[in-house]
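Visitor: Here it is, the structure, as structure tokens.
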Amino acid sequence: MKRKNISAIFKNKLTLTFVILGVVILLFILVPLLTMVFSSHPGELFDLLLHDKVVINAIWLTIYTALISTAVGLILGVPLAYVLARYDFPGKKIIEAVVDLPIVVPHTGAGIALLFVFGKNFFGGKVFNSLGIGFVDAVPGIVIAMMFVSIPFLVNAAKDGFKRIDPRLEKVARTLGATPRQTFFNVTLPLAWRSILSGSLMMWARGVSEFGAVVIITYYPMIASTLVYQRFETQGLDAARNVAVLLILACLIIFVALRYISQRGEKA
Amino acid sequence: MIKIKNLCVSVGDFHLEDVTLDVQQGEYFIVLGPTGAGKTVLLETIAGLYRAQSGEIWLNGRDVASLEPEKRGIGFVYQDYVLFPHLSVIDNITFGLKQRGKSRKEAEAEAGWTIQLLGLSSLLNRKIDTLSGGEKQKVALARALAIKPKVLLLDEPLSALDPETREKVQQELREIRNKLNQTIIHVTHDFEEAVALGERIAVLGDGHIMQVGTAEEIFCQPKSEFVARFAMTRNIFAGEVRDGEAECAFVNIGVTLIEAVTNLRGHRHASVRPEDILISTQPFISSARNSFKGTITDVFSKGSTIYLTINVPPDFICLVTRRSFEDMELREGGKVYVTFKASAVNVF
Numbered sequence: 001m002k003r004k005n006i007s008a009i010f011k012n013k014l015t016l017t018f019v020i021l022g023v024v025i026l027l028f029i030l031v032p033l034l035t036m037v038f039s040s041h042p043g044e045l046f047d048l049l050l051h052d053k054v055v056i057n058a059i060w061l062t063i064y065t066a067l068i069s070t071a072v073g074l075i076l077g078v079p080l081a082y083v084l085a086r087y088d089f090p091g092k093k094i095i096e097a098v099v100d101l102p103i104v105v106p107h108t109g110a111g112i113a114l115l116f117v118f119g120k121n122f123f124g125g126k127v128f129n130s131l132g133i134g135f136v137d138a139v140p141g142i143v144i145a146m147m148f149v150s151i152p153f154l155v156n157a158a159k160d161g162f163k164r165i166d167p168r169l170e171k172v173a174r175t176l177g178a179t180p181r182q183t184f185f186n187v188t189l190p191l192a193w194r195s196i197l198s199g200s201l202m203m204w205a206r207g208v209s210e211f212g213a214v215v216i217i218t219y220y221p222m223i224a225s226t227l228v229y230q231r232f233e234t235q236g237l238d239a240a241r242n243v244a245v246l247l248i249l250a251c252l253i254i255f256v257a258l259r260y261i262s263q264r265g266e267k268a
Numbered sequence: 269m270i271k272i273k274n275l276c277v278s279v280g281d282f283h284l285e286d287v288t289l290d291v292q293q294g295e296y297f298i299v300l301g302p303t304g305a306g307k308t309v310l311l312e313t314i315a316g317l318y319r320a321q322s323g324e325i326w327l328n329g330r331d332v333a334s335l336e337p338e339k340r341g342i343g344f345v346y347q348d349y350v351l352f353p354h355l356s357v358i359d360n361i362t363f364g365l366k367q368r369g370k371s372r373k374e375a376e377a378e379a380g381w382t383i384q385l386l387g388l389s390s391l392l393n394r395k396i397d398t399l400s401g402g403e404k405q406k407v408a409l410a411r412a413l414a415i416k417p418k419v420l421l422l423d424e425p426l427s428a429l430d431p432e433t434r435e436k437v438q439q440e441l442r443e444i445r446n447k448l449n450q451t452i453i454h455v456t457h458d459f460e461e462a463v464a465l466g467e468r469i470a471v472l473g474d475g476h477i478m479q480v481g482t483a484e485e486i487f488c489q490p491k492s493e494f495v496a497r498f499a500m501t502r503n504i505f506a507g508e509v510r511d512g513e514a515e516c517a518f519v520n521i522g523v524t525l526i527e528a529v530t531n532l533r534g535h536r537h538a539s540v541r542p543e544d545i546l547i548s549t550q551p552f553i554s555s556a557r558n559s560f561k562g563t564i565t566d567v568f569s570k571g572s573t574i575y576l577t578i579n580v581p582p583d584f585i586c587l588v589t590r591r592s593f594e595d596m597e598l599r600e601g602g603k604v605y606v607t608f609k610a611s612a613v614n615v616f
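Protein chains in written order, with the working numbering: chain U, 1 to 268; chain P, 269 to 616.
And the structure:
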């Protein structure tokens, strides 16, 4: 498919309409974010970064809990994605719907639901408690809340990645002497890793931005979005803004860096 | 060497029923059949990629039907090569050896001969997407040969190539077979390709093996209408066969009685290849037992050769060169004589 160049856009009235509508939605996303960022004072931000340990801790906690939830998601979600991409079986559509379920469940509702399994007095909570892991008002609670709401992004991206691989590549590998395990790690995974990486990035970013599910299970220790909410409630708009801007900047830097790395891999 | 007994496989819409084949060590064996006949499923089942519902696959005296594909030692080359896009040429070729625990160095040394054989040494560090079709084909062959397969399975290996490259690759396949005494099973839908390469041909139609034999046998003595049509025998007639004069039999194909050499009697088919029919503008005396007057009803040019439809009745399709066509001043509506020997009539 040949791409039309930019001047052609303006000759076609329909395309021009599409462009105008697109600009509206882009402004809708960018204007609030940019207004917030530029209305903050760099001095205040630095002051916050250097002196308010609570803010730094919250941002750091957010980043690494999202990372842990993505890592667990990789281990548990990628195999499921592979099975969904490669096999047809009765009930597959239902399983795919289950994977998408966290996207439609209201996030505070998701938090409540998780408490019914991982709460102190419930089955999962008791099992993990015997292993010394508690969820309520603890870091593992943040991880499971983030994982619940963000896992669909990884599973779906990985599934699409696996689907794009010709199954005959795997067949040829088998005839050449590769066991199913060797085939998966030497052929399938290297060919799907870019989709998995971009899915991981989406899952991580979605985890970082989570508030509703996390706040139900774990108010303290506070992740950044909870802190933004708390400062907004107790100290007002400006205080909340400063934390929000720092969180956004931290995430943007990481997101852009990872994007850059993964796309460089694509060109190589 | 490789014996397939009563193999039944069903994959999606494809069904193979009661396939029995016997391929000798070092033989170049062709499986010929139209698209959708189940050729690829047959190869994939031999390679172990599909499990057969029933039947046996014997490889060097061992039943491998229940063996995983990686334990069979069977090389496979797909029509569109299916090279690993994330690996270089050399890493594709040494893939199989590395899976067997060989180090990169060992694998490259051990695969050296295939690289020599196929003349790939200048391409080793290239990426797959920079190769031409012919080059990809060679890499796919080298990759399959590197594991020293007991049998090499080729799935339509020439179909995706341009005619010139196709001829080269055909030559290479012959060399592989001759130099290595490599047993090869090659599936194709192209009759000419089958005749050019195969020592023996199995015709596969609708999940069944219709006939197995040398190219000559398939070409000249098809045993069913399906094989006859597939072998491009244009003139196929249904008719009653009854005793004739001497060793000949009469075949009543409607209004016309033709003579054939056969022991078969009763309701049968008779076929005559277009190139076995002689065209003349005058009747002439010859040893050929069949000669009829007819009218040219259609002229179909294929470049240097021309197909004529001549209504006797029935319609006979005959082949003449453009040269004779012009010299004899043939044209649609013209009266001609068709002549063919009784021995050119195949009854089945």
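For glycine and all other residues, C-beta sits at the position ideal for the given N, C-alpha and C.
1) Consider the Cβ of L201(U): report whether some Cβ of chain P lies at a distance smaller than 8 Å.
2) Is it true that the stretch 464–475 of chain P meets the stretch 294–305 of chain P, where meeting means three or more beta-carbon pairs spaced less than 8 Å apart?
3) Beta carbon of T589(P), beta carbon of S569(P): below 8 Å?
4) Please report how far the alpha carbon of K53(U) lies from the alpha carbon of I63(U), in whole angstroms.
5) For a cutoff of 8 Å on Cβ pairs, would you count E352(P) as touching chain U?
6) Can you name the residues of chain P whose CB is closer than 9 Å to the CB of L191(U)?
7) Check whether the stretch 83–102 of chain U and the stretch 148–160 of chain U touch, using three or more Cβ-Cβ pairs below 8 Å as the test.
8) For L61(U), which of A257(U), A224(U), R264(U), Y229(U) has the nearest alpha-carbon?
9) Terminal residues of the continuous alpha helix (DSSP H) containing N360(P)?
10) What separation, rounded to the nearest whole angstrom, lies between the Cα atoms of E443(P) and G77(U)?
11) In chain order, what are the residue ranges of uninterrupted beta strand (DSSP E) at least 3 long that sit wholly in the stretch 332–407 of chain P?
12) Please determine, among V208(U), V172(U), P167(U), the residue with the shortest C-alpha to C-alpha distance to F363(P).
13) Please list, in chain order, all residues of the same chain as G602(P) whose beta carbon is under 6 Å from its beta carbon, the five residues on each side excluded.
14) May I ask you to list, following chain order, the residues of the stretch 420–434 of chain P that have a beta carbon less than 9 Å from some beta carbon of chain U?
15) Could you pull out every residue in the same chain whose Cβ sits closer than 6 Å to the Cβ of L413(P), ignoring the five residues on either side in sequence?
16) If you reduce the DSSP assignment to three classes, tell me which class V155(U) lands in.
17) Given a limit of 9 Å on CB to CB distance, which residues of the stretch 361–381 of chain P reach chain U?
18) Sort V357(P), L421(P), R445(P) by Cα distance to K404(P) and report the nearest one.
19) Give, in chain order, every unbroken run of the beta strand (DSSP E) that is at least 3 residues long and sits entirely within the stretch 397–469 of chain P.
20) Alpha carbon to alpha carbon, how far is D47(U) from M203(U)? Give it in angstroms, no decimals.
21) Which residues in the same chain as I216(U) place their Cβ atom closer than 7 Å to its Cβ, once the five residues preceding and following it in sequence are excluded?
22) Helix, strand or coil for I521(P)? Go by DSSP, reduced to three states.
23) Any residues in the stretch 137–171 of chain U with a beta carbon nearer than 8 Å to a beta carbon of chain P? Which ones, in chain order?
24) Between the C-alpha atoms of K609(P) and A470(P), what's the straight-line distance to the nearest angstrom?
25) Provide the residue span of the beta strand (DSSP E) that contains D290(P), from first to last.
26) Does the beta-carbon distance from A213(U) to V149(U) come in below 8 Å?
27) For D566(P), does the three-state DSSP call read helix, strand or coil?
28) Quick one: grab the DSSP three-state call for V143(U).
29) Since I believe L426(P) is in contact with I298(P) (beta carbons under 8 Å), could you give me their beta-carbon distance rounded to a whole number of angstroms?
30) Excluding sequence positions up to five away, which residues of its chain have a Cβ less than 6 Å from the Cβ of L546(P)?
31) So, using beta-carbon positions, are E493(P) and T456(P) closer together than 8 Å?
32) Assuming Y605(P) contacts S548(P) (C-beta within less than 8 Å), just tell me the rounded distance between them.
33) Using a Cβ-Cβ cutoff of 9 Å, what residues of the stretch 175–187 of chain U are near chain P? List them in chain order.
34) Name the chain U residues whose beta carbon is nearer than 9 Å to that of K608(P)?
35) Check whether chain U comes within 8 Å of E485(P), counting only Cβ atoms and requiring the distance to be less than that.
36) May I ask you to report which of helix, strand or coil DSSP gives H107(U)?
Guide: According to the data block:
1) no
2) yes
3) no
4) 16 Å
5) Reading off the sequence, residue 352(P) comes out as Phe, not Glu. Cβ-Cβ to chain U under 8 Å: yes for F352(P).
6) F352, P353, H354
7) yes
8) A224(U)
9) 357–361
10) 49 Å
11) 342–345
12) V172(U)
13) I564
14) L421
15) T382
16) helix
17) F363, G364, L365, K366, Q367, R368
18) V357(P)
19) 419–423, 452–456
20) 31 Å
21) T108, G111, I112, L115
22) strand
23) D166, R168, L169, K171
24) 28 Å
25) 282–291
26) yes
27) strand
28) helix
29) With 8 Å as the limit, I298(P) and L426(P) do not qualify as a contact, their Cβ atoms being about 12 Å apart.
30) T607
31) no
32) 5 Å
33) T175, L176, G177, A178, T179, P180, Q182, T183, N186, V187
34) The question names Lys, but residue 608(P) is Phe in the sequence shown. By Cβ distance, chain U contributes nothing, its closest Cβ being about 47 Å from F608(P), past 9 Å.
35) no
36) helix
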